Amino acid sequence: MELLRSPKVHILLAAHNRAHLITETLTSIINQTYTNFKCLIVDDYSTDLTESVVKEFVKKDSRFIYFHKTQKYKRGLPDTRNYGIDLALQEGAEFITFFDDDDIMHPRKLELQMQLFLDKKELDIVSCRYSGFSNSNFIDFDSKSTEISVFSKKPAEDFLLRRIRIHSCGPVLRSHLFKKLRFDTELKYNAEEREFYLRVLFYHYPNYAAVLEPLFYYRHHAKSITTLSNRNIEKRGTDIIVDQKLWDFISNESKINTRVLAYFIKQFALDNFDVKYLNKTKEFAKNSTNLNVLDKVKINSILKFHKLYRIIFYKLLQ
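Here the sequence shown stands for residues 16 to 333, where the numbers follow my numbering.
Here's what the structure looks like:
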């Protein structure tokens with residue numbers, strides 16, 4: 016790939032107490048065949064040897080820069096990413112991608128994604144497939160085996176309806192997508208990532224493409240059954256909040272079609288039992304100028320079906 020045609024990619028690496036793993040991550044970045052990158056490493060108050068490990072890489076390679084999170088930003092991954100975004104935009108970054116301190120990049124990750132940007136100048140996001148691993152010694156970079164769905168002609172709708180998957184460490188994005196959007200620091204359990212990408216997709220409706228092979232590998236960590244059970248309960252509550260936040264965001268922006276509206280009706284009528292937000296969806300359907308007569312008939316039919324479903328459901332509980 017010609018250097019003059021190769022714009023710089025800012026890699027925003029979130030680091031927290033992974034001194035024992037981050038060397039493998041940084042090495043996978045150094046091994047990128049696409050060499051025009053800058054890696055901004057934001058340390059979220061690590062108490063282990065993360066800083067000293069990272070600074071050894073900084074000494075050897077000027078493309079790596081270490082930042083300790085300032086008091087302006089909250090502890091936790093969302094504001095670690097936000098700090099990285101702010102740093103990148105201050106530097107005039109054109110392309111941005113996120114990464115974590117325990118994951119591994121395919122050697123050609125940036126090359127294959129940036130090649131799509133160079134081939135199709137209109138693109139705003141290039142995503143990719145990904146795969147999990149437990150031991151980096153057994154990662155097969157030549158394997159294309161993965162069932163992760165990433166191809167879409169309607170990424171906002173498809174990601175909302177979970178027809179495609181977007182991992183925070185997958186996409187490379189043009190920086191203009193971040194100018195009015197940041198990660199929600201009140202969300203956890205990775206819900207902030209889904210909520211953020213949904214806002215990006217529905218706010219900008221960006222031109223989207225994806226590399227249909229795994230280009231990064233996320234590490235599996237052992238967790239106890241008790242921990243997983245407790246997290247699942249709390250995560251469910253967080254998912255409900257995400258639906259509410261997203262509805263408020265995209266309904267104000269009038270970015271809703273029949274399928275999207277049907278999704279929220281289902282969530283608020285069946286899954287979340289959220290009367291307040293169900294009434295909001297009803298009011299939106301009634302007053303929306305974006306929905307034609309046929310759309311409104313469909314939505315009314317959905318509302319009637321869900322009302323009947325709830326009546327039956329409640330009677331079964333009595």
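The beta carbon of each residue, even a glycine, is placed where N, CA and C say it ideally should be.
All values reported here derive from a predicted model rather than from experimental measurement.
According to DSSP, residues forming a beta bridge with residue i
{"i": "G252", "result": "G252 is not bridged to any residue."}
{"i": "K53", "result": "H25"}
{"i": "S43", "result": "None, per the DSSP bridge assignment."}
{"i": "F110", "result": "V24, R189"}
{"i": "I140", "result": "L188, Y223"}
Residue of the options minimising C-alpha distance to residue i
{"i": "I317", "options": "L306, A277, F299, E210", "result": "A277"}
{"i": "R144", "options": "Y81, A108, R123", "result": "R123"}
{"i": "R177", "options": "S190, L188, I163", "result": "I163"}
{"i": "Y81", "options": "A224, S67, P93, L92", "result": "S67"}
{"i": "T304", "options": "T273, Q282, R78, L227", "result": "T273"}
{"i": "S158", "options": "C184, E228, H25", "result": "E228"}
{"i": "N205", "options": "I37, L92, Y60", "result": "L92"}
{"i": "L213", "options": "E201, S183, L230, V226", "result": "S183"}
{"i": "I255", "options": "A284, L306, D101", "result": "A284"}
{"i": "K135", "options": "N222, I44, N315", "result": "N222"}
{"i": "H31", "options": "F114, R197, Q47", "result": "F114"}
{"i": "D76", "options": "S61, I44, Q259, F193", "result": "I44"}
{"i": "K194", "options": "R180, V215, P186", "result": "V215"}
{"i": "N267", "options": "K281, R251, L175, Y218", "result": "Y218"}
{"i": "F174", "options": "L28, S160, E208", "result": "E208"}
{"i": "S190", "options": "K250, T112, I154, I271", "result": "T112"}
{"i": "H235", "options": "Q128, P22, S146", "result": "S146"}
{"i": "E347", "options": "V275, L202, A300, K281", "result": "An answer regarding residue 347 cannot be provided, because it is not within the stretch 16 to 333 covered by the chain."}
{"i": "E172", "options": "Y98, F156, K270", "result": "K270"}
{"i": "D199", "options": "T161, K295, K301, T95", "result": "T95"}
{"i": "G185", "options": "L306, K295, V308, V226", "result": "V226"}
{"i": "R180", "options": "I154, A224, T62", "result": "A224"}
{"i": "H25", "options": "S160, M129, F299, E137", "result": "M129"}
Between the CA atoms of residue j and residue i - distance to the nearest angstrom
{"i": "Y233", "j": "K311", "result": "43 angstroms"}
{"i": "L18", "j": "N51", "result": "Note that L18 scores 46 on pLDDT, short of 50, meaning its location in the model is unreliable; the coordinates nonetheless yield the value given after this. Near 8 angstroms, if we compare the C-alpha coordinates of N51 and L18."}
{"i": "E126", "j": "F288", "result": "46 angstroms"}
{"i": "D118", "j": "K291", "result": "41 angstroms"}
{"i": "I240", "j": "L104", "result": "Note that I240 scores a pLDDT of 45, beneath 50, so its modelled location is shaky and nothing firm can be said."}
{"i": "H121", "j": "F110", "result": "18 angstroms"}
{"i": "T85", "j": "L261", "result": "29 angstroms"}
{"i": "L64", "j": "R78", "result": "21 angstroms"}
{"i": "T42", "j": "T253", "result": "35 angstroms"}
{"i": "N150", "j": "S167", "result": "31 angstroms"}
{"i": "P170", "j": "I265", "result": "15 angstroms"}
{"i": "F231", "j": "N152", "result": "14 angstroms"}
{"i": "R197", "j": "H35", "result": "29 angstroms"}
{"i": "D58", "j": "L102", "result": "13 angstroms"}
{"i": "E210", "j": "F148", "result": "25 angstroms"}
{"i": "K70", "j": "L55", "result": "12 angstroms"}
Coil, strand or helix - residue i by DSSP
{"i": "I119", "result": "strand"}
{"i": "V312", "result": "helix"}
{"i": "F148", "result": "strand"}
{"i": "F231", "result": "strand"}
{"i": "Y223", "result": "strand"}
{"i": "S12", "result": "The displayed coordinates of the chain run from 16 to 333. Any statement about residue 12 would go beyond what the structure contains."}
{"i": "I271", "result": "coil"}
{"i": "A30", "result": "strand"}
Test: residue i CB closer than 8 angstroms to a CB of chain B
{"i": "F299", "result": "The structure shown contains no chain B; it holds only a single protein chain."}
Go through the region 45 to 89 residue by residue and report every complete run of the beta strand (DSSP E) that reaches 3 residues or more, in order.
-> Every beta strand (DSSP E) of 3 residues or more that sits fully in the region 45 to 89 is shown, in chain order, as 52 to 58, 79 to 83.
In chain order, which alpha helix (DSSP H) runs of at least 4 residues are fully inside the region 151 to 213?
-> DSSP runs (the alpha helix (DSSP H)) wholly in the region 151 to 213: 170 to 175.
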